[in-house]
Amino acid sequence: MVWQLDFWLLALLVVTAVVALQVRDLLAAVAVLTAYSFFMALLFAEMGAVDVALTEAALGAGVTGVLFVVAIFVTRRRSKD
Amino acid sequence: MIQKHESIVIQVVARALVPLILLFGVYVIVFGHYGPGGGFQGGVILATGVILHRLCLGRDFSHRTLPPGLAGGAAIAGLLLFGLMGIVPMVFGGAFLDYAHLPLPGYSTVDLRYLGIGIVEVAIGLAVMGASVVIFDSLAGGDSDA
Amino acid sequence: MKFLVFFVLGVFAVLMFYATTSLPDRGDPAAPANVYVSPDYIERSLEDTGTPNLVTAVLADYRGYDTLGETIVIVTAGLACIIILLKRKDYDTKT
Numbered sequence: 014m015v016w017q018l019d020f021w022l023l024a025l026l027v028v029t030a031v032v033a034l035q036v037r038d039l040l041a042a043v044a045v046l047t048a049y050s051f052f053m054a055l056l057f058a059e060m061g062a063v064d065v066a067l068t069e070a071a072l073g074a075g076v077t078g079v080l081f082v083v084a085i086f087v088t089r090r091r092s093k094d
Numbered sequence: 000m001i002q003k004h005e006s007i008v009i010q011v012v013a014r015a016l017v018p019l020i021l022l023f024g025v026y027v028i029v030f031g032h033y034g035p036g037g038g039f040q041g042g043v044i045l046a047t048g049v050i051l052h053r054l055c056l057g058r059d060f061s062h063r064t065l066p067p068g069l070a071g072g073a074a075i076a077g078l079l080l081f082g083l084m085g086i087v088p089m090v091f092g093g094a095f096l097d098y099a100h101l102p103l104p105g106y107s108t109v110d111l112r113y114l115g116i117g118i119v120e121v122a123i124g125l126a127v128m129g130a131s132v133v134i135f136d137s138l139a140g141g142d143s144d145a
Numbered sequence: 047m048k049f050l051v052f053f054v055l056g057v058f059a060v061l062m063f064y065a066t067t068s069l070p071d072r073g074d075p076a077a078p079a080n081v082y083v084s085p086d087y088i089e090r091s092l093e094d095t096g097t098p099n100l101v102t103a104v105l106a107d108y109r110g111y112d113t114l115g116e117t118i119v120i121v122t123a124g125l126a127c128i129i130i131l132l133k134r135k136d137y138d139t140k141t
């Protein structure tokens, strides 16, 4: 457990979360959300929970992003709000 | 949205990558006893390989190679296998999901539980892979022109 | 209005940080989560199941019910997607 690594991973986590909420283009939001999941997986791996990290990397950074992209393409692209 | 991708590079890379991803998924499922991994993660990785095949090589070709009915069948088969692993020990005098009472002569209790964990991981992997691919197919398969 | 939102959020953050001070440390052997059944699993899982990975042994063997429920939830999600989305050709979603 290295606190510098923890600190920067958590900071990147907060930054990606805020960017994913603020960005207008939904496709870009999905990409940033995938990056968020990947940083989450890195954080889990750094804390020693390797199984959880593998699940997060496979599910959050893999399948969820693809499903979101497909859902965006079968609906409209731009956000209304 | 799912036609064959026009770039030959992406097609070739996808063709080369899909078997490796599927093999890695099987490895993660089977290696769950000794390292990080297990049925859930391995099933998701298998589904990722199938989805990459669907996205890059076009729906017609991909549905001929890996039929979508097979994914639903895999999901149901995985769930039934898990349920069977729960019920069979109950018939032979154990509790529900008590792998030590599986009717296999010649195995010790530890070996039976080891084997039971392996079978259950495979069942979870099948169910998760099938469910993920079915969700993707039903999301993307409605209209072909988009 | 905006000031009120930030004020409520600030109060909530202070409350949450105050609550974290009374949580046990990470990896503390005297924490309530590490006292009751966890030492038993850690000691016995290898000789019980022959599986070196403790997480797999707990997920698939000791807590098999949980995993069964999880699998049922995922397969049900797939079935719901089939039922809801596969009839989508009948009406036009793209306006």
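Chains as they are written, first to last, in my numbering: chain Y, 14 to 94; chain W, 0 to 145; chain S, 47 to 141. Cβ atoms here follow ideal geometry from the backbone N, Cα and C, with glycine treated the same way. Keep in mind that this is a model prediction, so the values were computed, not measured.
Residue i - partner residues in DSSP beta bridges
{"i": "Leu56(W)", "result": "Lys3(W)"}
Status (buried if at least 16 other CB within 10 Å, exposed otherwise) for residue i
{"i": "Asp19(Y)", "result": "exposed"}
{"i": "Thr64(W)", "result": "exposed"}
{"i": "Val12(W)", "result": "exposed"}
{"i": "Ser131(W)", "result": "buried"}
{"i": "Ser91(S)", "result": "buried"}
{"i": "Val121(S)", "result": "buried"}
{"i": "Gln35(Y)", "result": "exposed"}
{"i": "Thr145(S)", "result": "In the structure as shown, chain S begins at 47 and stops at 141. Residue 145(S) is therefore absent and cannot be evaluated."}
{"i": "Asp59(W)", "result": "exposed"}
{"i": "Ile7(W)", "result": "exposed"}
{"i": "Gln17(Y)", "result": "exposed"}
{"i": "Glu93(S)", "result": "exposed"}
{"i": "Leu103(W)", "result": "exposed"}
{"i": "Ile88(S)", "result": "exposed"}
{"i": "Tyr106(W)", "result": "exposed"}
{"i": "Ser143(W)", "result": "A caution first: Ser143(W) carries a pLDDT of 45, below 50, which makes its placement in the model unreliable, though a value can still be read off. With fewer than 16 other Cβ atoms within 10 Å, it is exposed."}
{"i": "Leu138(W)", "result": "buried"}
{"i": "Tyr64(S)", "result": "exposed"}
{"i": "Val83(S)", "result": "exposed"}
Backbone secondary structure at residue i - three-state DSSP
{"i": "Asp74(S)", "result": "coil"}
{"i": "Asp136(S)", "result": "With a pLDDT of only 49 at Asp136(S), under the threshold of 50, the placement of this residue in the model should not be trusted, and no figure is reported."}
{"i": "Asp97(W)", "result": "coil"}
{"i": "Phe52(Y)", "result": "helix"}
{"i": "Ser68(S)", "result": "coil"}
{"i": "Phe53(S)", "result": "helix"}
{"i": "Ala59(S)", "result": "helix"}
{"i": "Arg63(W)", "result": "helix"}
{"i": "Pro102(W)", "result": "coil"}
{"i": "Met14(Y)", "result": "coil"}
{"i": "Met47(S)", "result": "coil"}
{"i": "Arg109(S)", "result": "coil"}
{"i": "Tyr87(S)", "result": "helix"}
{"i": "Pro98(S)", "result": "coil"}
{"i": "Val132(W)", "result": "helix"}
{"i": "Met62(Y)", "result": "Just to set this straight, residue 62(Y) is Ala in the shown sequence, not Met. In this structure, Ala62(Y) counts as coil in the three-state DSSP scheme."}
{"i": "Ser137(W)", "result": "helix"}
{"i": "Phe91(W)", "result": "coil"}
{"i": "Gly37(W)", "result": "coil"}
{"i": "Tyr26(S)", "result": "Beyond the ends of chain S as shown, which are 47 and 141, falls residue 26(S); an answer cannot be given."}
Among the options, nearest to residue i - alpha-carbon criterion
{"i": "Ile118(W)", "options": "Asp94(S), Phe53(S), Ala103(S), Cys127(S)", "result": "Ala103(S)"}
{"i": "Val119(S)", "options": "Val87(W), Ala139(W), Gly129(W)", "result": "Gly129(W)"}
{"i": "Val101(S)", "options": "Tyr33(W), Leu79(W), Tyr26(W)", "result": "Tyr33(W)"}
{"i": "Gly5(W)", "options": "Gly82(W), Leu56(W), Leu114(W), Gly140(W)", "result": "Note that residue 5(W) corresponds to Glu in the displayed sequence, not to Gly. Nearest option by C-alpha distance: Leu56(W)."}
{"i": "Val79(Y)", "options": "Leu114(W), Ile75(W), Val49(W), Pro66(W)", "result": "Val49(W)"}
{"i": "Leu26(Y)", "options": "Phe81(Y), Leu55(Y), Trp16(Y)", "result": "Leu55(Y)"}
{"i": "Met89(W)", "options": "His100(W), Phe81(W), Tyr106(W)", "result": "His100(W)"}
{"i": "Tyr49(Y)", "options": "Val31(Y), Leu40(Y), Arg37(Y), Ile85(Y)", "result": "Val31(Y)"}
{"i": "Ile134(W)", "options": "Glu93(S), Tyr82(S), Gly124(S), Ile129(S)", "result": "Gly124(S)"}
{"i": "Leu67(Y)", "options": "Thr77(Y), Phe51(Y), Val82(Y), Phe81(Y)", "result": "Phe51(Y)"}
{"i": "Tyr143(S)", "options": "Gly92(W), Ser61(W), Val27(W), Tyr98(W)", "result": "There is no way to answer for residue 143(S), as the model of chain S reaches only from 47 to 141."}
{"i": "Gly31(W)", "options": "Asn99(S), Phe58(S), Asp107(S)", "result": "Asn99(S)"}
{"i": "Lys3(W)", "options": "Leu51(W), Val43(W), Val25(W)", "result": "Leu51(W)"}
{"i": "Leu22(Y)", "options": "Phe57(Y), Ala41(Y), Ala42(Y), Arg37(Y)", "result": "Phe57(Y)"}
{"i": "Gly115(S)", "options": "Thr47(W), Val121(W), Ile20(W), Phe81(W)", "result": "Phe81(W)"}
{"i": "Ala101(Y)", "options": "Met53(Y), Met14(Y), Gly75(Y), Leu40(Y)", "result": "Because residue 101(Y) is not part of the residues shown, which for chain Y are 14 to 94, the question remains open."}
{"i": "Thr29(Y)", "options": "Glu59(Y), Phe86(Y), Ala42(Y)", "result": "Ala42(Y)"}
Closer than 8 angstroms to chain C by CB, residue i
{"i": "Thr47(Y)", "result": "Included in the structure are the protein chains Y, W and S, with no chain C among them."}
Query raised in the report: Going along the stretch 82-112 of chain S in order, which residues come within less than 9 angstroms of chain Y, judged by CB to CB distance?
Result: Asn99, Val101, Thr102, Leu105
Query - Selection of the stretch 19-37 of chain Y by Cβ proximity to chain S, strictly under 8 angstroms - result: none
Query - Residues of the stretch 70-88 of chain Y whose Cβ lies closer than 8 angstroms to any Cβ of chain W, in chain order - result: Ala71, Leu72, Gly75, Val76, Val79, Leu80, Val83, Ala84, Phe86, Val87
Query raised in the report: Any residues in the stretch 22-40 of chain W with a beta carbon nearer than 7 angstroms to a beta carbon of chain S? Which ones, in chain order?
Result: So the close ones are Gly31, His32, Tyr33, Gly34, Gly37.
Query - Members of the stretch 100-130 of chain W that neighbour chain S once the beta carbon cut-off is set at 8 angstroms - result: Val109, Asp110, Arg112, Tyr113, Gly115, Ile116, Val119, Glu120, Ala122, Ile123, Ala126, Val127, Gly129, Ala130
Requested in this report: May I ask you to list, following chain order, the residues of the stretch 65-77 of chain W that have a beta carbon less than 8 angstroms from some beta carbon of chain S?
Outcome: Gly71, Ala74, Ile75, Gly77
Query raised in the report: Looking at chain W, which residues of the stretch 49-73 of chain S have a Cβ within less than 8 angstroms of any of its Cβ atoms?
Result: For the stretch 49-73 of chain S, which is checked against every Cβ of chain W, not one residue is closer than 8 angstroms.
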